[in-house]
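Quick note: the sequence shown uses the working numbering, first residue 7, plus one each step. Report on the structure given below.
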Amino acid sequence: MRSLLPLRLAVLIGLCAWLALKVMQPAPLPDWRLGELVMVVPSEDMETDFAFESDLATLFAQQMKVKLKLISLTPHAAVNALTTGKAHIIAGFRTRSHPSLRYSIAYQTLDERAVCIDTPHKNIEDLYLHHIQVAMDSPQEGSLRELRSTHDDLDWLPVKTQSPAQLLQAVAEEQLDCTVANNEQIASLRNFYPDLASGLSLNAPSDIAWAISADGDEALLDEMNVFLARTLQDNTLHQLLDSHYGHNERLGAVDSATFIANTDTLLPHYQSWFEQAGAETGLDWRLIAALAYRESRWDPNATSFTHVRGMMMLTEDTADRMGVENRLDARTSILAGARYLQMLKSQLPKRINEEERQWMALAAYNQGMGHLEDARILTAQSNLNPDVWADVKSVMPALSRSPYFEQTKHGRARGGEAVIHVETVRLYYDMLKRLDTQGELHTSTLPALPSGFFRHLGGKLGLTAPRP
Numbered sequence: 007m008r009s010l011l012p013l014r015l016a017v018l019i020g021l022c023a024w025l026a027l028k029v030m031q032p033a034p035l036p037d038w039r040l041g042e043l044v045m046v047v048p049s050e051d052m053e054t055d056f057a058f059e060s061d062l063a064t065l066f067a068q069q070m071k072v073k074l075k076l077i078s079l080t081p082h083a084a085v086n087a088l089t090t091g092k093a094h095i096i097a098g099f100r101t102r103s104h105p106s107l108r109y110s111i112a113y114q115t116l117d118e119r120a121v122c123i124d125t126p127h128k129n130i131e132d133l134y135l136h137h138i139q140v141a142m143d144s145p146q147e148g149s150l151r152e153l154r155s156t157h158d159d160l161d162w163l164p165v166k167t168q169s170p171a172q173l174l175q176a177v178a179e180e181q182l183d184c185t186v187a188n189n190e191q192i193a194s195l196r197n198f199y200p201d202l203a204s205g206l207s208l209n210a211p212s213d214i215a216w217a218i219s220a221d222g223d224e225a226l227l228d229e230m231n232v233f234l235a236r237t238l239q240d241n242t243l244h245q246l247l248d249s250h251y252g253h254n255e256r257l258g259a260v261d262s263a264t265f266i267a268n269t270d271t272l273l274p275h276y277q278s279w280f281e282q283a284g285a286e287t288g289l290d291w292r293l294i295a296a297l298a299y300r301e302s303r304w305d306p307n308a309t310s311f312t313h314v315r316g317m318m319m320l321t322e323d324t325a326d327r328m329g330v331e332n333r334l335d336a337r338t339s340i341l342a343g344a345r346y347l348q349m350l351k352s353q354l355p356k357r358i359n360e361e362e363r364q365w366m367a368l369a370a371y372n373q374g375m376g377h378l379e380d381a382r383i384l385t386a387q388s389n390l391n392p393d394v395w396a397d398v399k400s401v402m403p404a405l406s407r408s409p410y411f412e413q414t415k416h417g418r419a420r421g422g423e424a425v426i427h428v429e430t431v432r433l434y435y436d437m438l439k440r441l442d443t444q445g446e447l448h449t450s451t452l453p454a455l456p457s458g459f460f461r462h463l464g465g466k467l468g469l470t471a472p473r474p
C-alpha cells in the first residue's frame with residue numbers, strides 16, 4: 007500500500023492543477039444571438055476615435071436587438087482578443103494591417119502622415135535623417151513597416167508609453183523631431199497648434215472596417231455588411247462622421263491662436279458667470295462661453311451695426327423678452343443669453359436627439375426659430391432627415407437663394423451664416439472642453455474688466471474685432 011502513495015499524490019496534484027487551470031480559463035464567448043455582442047475598439051488615439059466607433063457600434067447593436075459590450079484595447083491586444091474567442095468583432099481597423107482577418111465593407115478612410123517640426127517634406131527620402139518616434143504596435147508604425155520594403159534607410163523608434171496624439175502634440179510643441187499621425191488627429195490638434203504642418207502622406211489612404219476572425223461567424227459578417235451598407239446609403243454614416251469631425255479645420259491659424267490666448271486673458275473674468283448660467287439652465291457652461299466668444303469675443307460692450315449688443319449680442323426684442331434692461335451688463339447678458347438658448351432648444355421636438363437639438367438651437371439663436379423651421383421643412387422635402395443637424399446644415403444655405411426662400415413661410419435668411427455660426431461655436435466648445443480637461447481653465451478672483459477695457463487694450467491683447 008505504501009508504494010501506491012506517491013502515485014496517489016501525483017494524481018491528486020495533477021487533478022488540482024487541472025482544476026486550477028479550469029478555473030483560470032475564461033468562459034467561452036457566448037453566441038452573439040443569445041443577446042450580447044462583444045466589440046473591441048482600439049484604445050483611444052491609437053487608431054480611430056473611440057467615441058465615433060462607440061456610437062457606430064451602438065447603432066449596430068440596436069439594429070441587432072442585442073446588448074453591446076465595448077472593450078478598449080491596443081491593436082495587438084484587440085487582434086488577440088478576437089482570435090482567442092474573447093470578442094466577436096473589432097471595430098475601426100485598417101484592412102491592410104492583418105490580412106488573416108475577415109473584414110466588412112469599408113466605411114471610412116484615414117491617411118497616415120509624417121509630421122515634423124521643420125519645413126514640410128515632399129518625398130519619403132526627406133525623412134531619412136529625422137528622428138521619428140511612433141506609438142508601438144499602432145497603425146502609424148504599420149504604415150512605416152509597409153514603406154520599409156521600398157525604403158531600406160527609413161528608421162524609427164517605437165514608443166510604448168505615448169499615443170499617436172500625444173506624440174503629435176510633442177512635435178507641435180517642438181519637443182520631438184518627427185512622428186506619424188492620421189489626418190483626423192492632425193486636423194483636431196491644429197485647432198490648438200495652428201502652425202502644425204499637415205504632413206507628408208506615407209501610403210495610399212487606409213480603408214477602415216470592422217473585422218471578425220478567420221473562422222468567425224459568416225452570418226455575423228453578413229449582418230455587419232448589411233448594416234454598414236445601409237448607413238452609407240441612408241446618410242447615417244455621414245451624419246455620424248459630421249457629428250464627430252465635421253467642424254474641424256473651421257478656424258484659421260490666427261483665430262485659433264487668438265482664442266487660446268483669450269482663454270487666459272479674458273475668460274477667467276467671466277467664467278464664474280458662465281458656470282452660474284450653466285447651473286441655472288442645465289446647459290454646459292463651456293457651450294455658453296463658446297457661444298459668447300463667437301458672438302462678442304467676450305467683449306461685454308460689443309455692438310454691431312444691426313444694434314445687437316453685449317456679451318451675448320442680444321437684440322432689443324430678445325432683451326425685452328428675457329427681461330434685460332442693460333444689455334451691456336456682462337452677467338445679465340450671459341444669464342439671459344443662456345436662458346434664451348435653452349428656451350429655443352425646448353421648442354424643438356422632443357424626438358430629436360439631445361445633441362442635435364443643441365446645434366439646431368444655436369442656428370435658431372443666430373437666425374431665429376422661424377428660419378430654422380423653414381430649413382427643416384426644406385430638408386424633409388429634399389428627402390433628408392430634418393431631425394439631424396448634418397442634413398439641415400446642408401440645406402440651410404438655400405434660404406438665401408431663389409426659388410427656395412420663396413417657398414418658405416418666413417422668407418429669405420442668411421442660412422449660410424447660421425451654418426458657419428454653429429460650426430464655429432462647436433469648434434470653440436470642443437477647444438474649451440479639451441482645455442478644461444487638461445486643467446488649463448481657471449476662474450479669476452479679480453473683478454470683471456472695466457468698461458472701455460477692450461477699446462483701449464484690445465489691440466495689445468491680440469483681440470479681434472467683435473463680429474458685426
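Every residue, glycine too, gets a C-beta built ideally from N, C-alpha and C.
| Query | Result |
| --- | --- |
| When you compare only the Cα positions, how much space is there between I192 and Y199? | 10 angstroms |
| Consult DSSP for L447 and reduce its assignment to one of helix, strand or coil. | coil |
| Shortest alpha-carbon distance to E3 belongs to which of L384, S149, L62, I96? | Past the edges of the chain, shown from 7 to 474, lies residue 3, and the structure says nothing about it. |
| Assuming V165 is part of the alpha helix (DSSP H), what are its boundary residues? | That residue, V165, is in no alpha helix (DSSP H); its beta strand (DSSP E) goes 163–165. |
| Taking the straight line between their C-alpha atoms, what separation do you get for R327 and M349? | 11 angstroms |
| Going by beta carbon distance, what residues of the same chain come within less than 8 angstroms of V85, once the five residues before and after it are set aside? | I96, H104, L107 |
| Leaving out five residues on either side along the sequence, give the residues of the same chain with a beta carbon under 6 angstroms from the beta carbon of R100. | P145, S212 |
| Do you know how far the Cα of A176 is from the Cα of R461? | Residue placement at R461 is flagged as unreliable, the pLDDT there being 42, under the threshold of 50; a coordinate-derived value is accordingly withheld. |
| Please list the terminal residues of the continuous beta strand (DSSP E) segment that includes A141. | 139–141 |
| Under DSSP, the alpha helix (DSSP H) around E229 begins and ends at which residues? | 224–239 |
| Just to confirm the assignment: which complete alpha helix (DSSP H) runs, minimum length 4, are found wholly within the stretch 106–182? | 145–154, 170–178 |
| By the DSSP assignment, the alpha helix (DSSP H) with P81 in it spans what residues? | 81–89 |
| Give me whichever residues DSSP pairs with M45 in a beta bridge. | L76, I95 |
| Under DSSP, the beta strand (DSSP E) around W216 begins and ends at which residues? | 212–218 |
| Assuming E190 and L116 form a contact by the criterion Cβ under 8 angstroms, report the distance between their Cβ atoms to the nearest whole angstrom. | 7 angstroms |
| According to the Cβ coordinates, are M366 and V398 closer than 8 angstroms? | yes |
| Does S262 pass the burial test, meaning 16 or more other C-beta atoms within 10 Å, or should it be called exposed? | buried |
| Check each candidate in E446, V401, E59, G445 and name the one with the smallest Cα separation from S249. | E59 |
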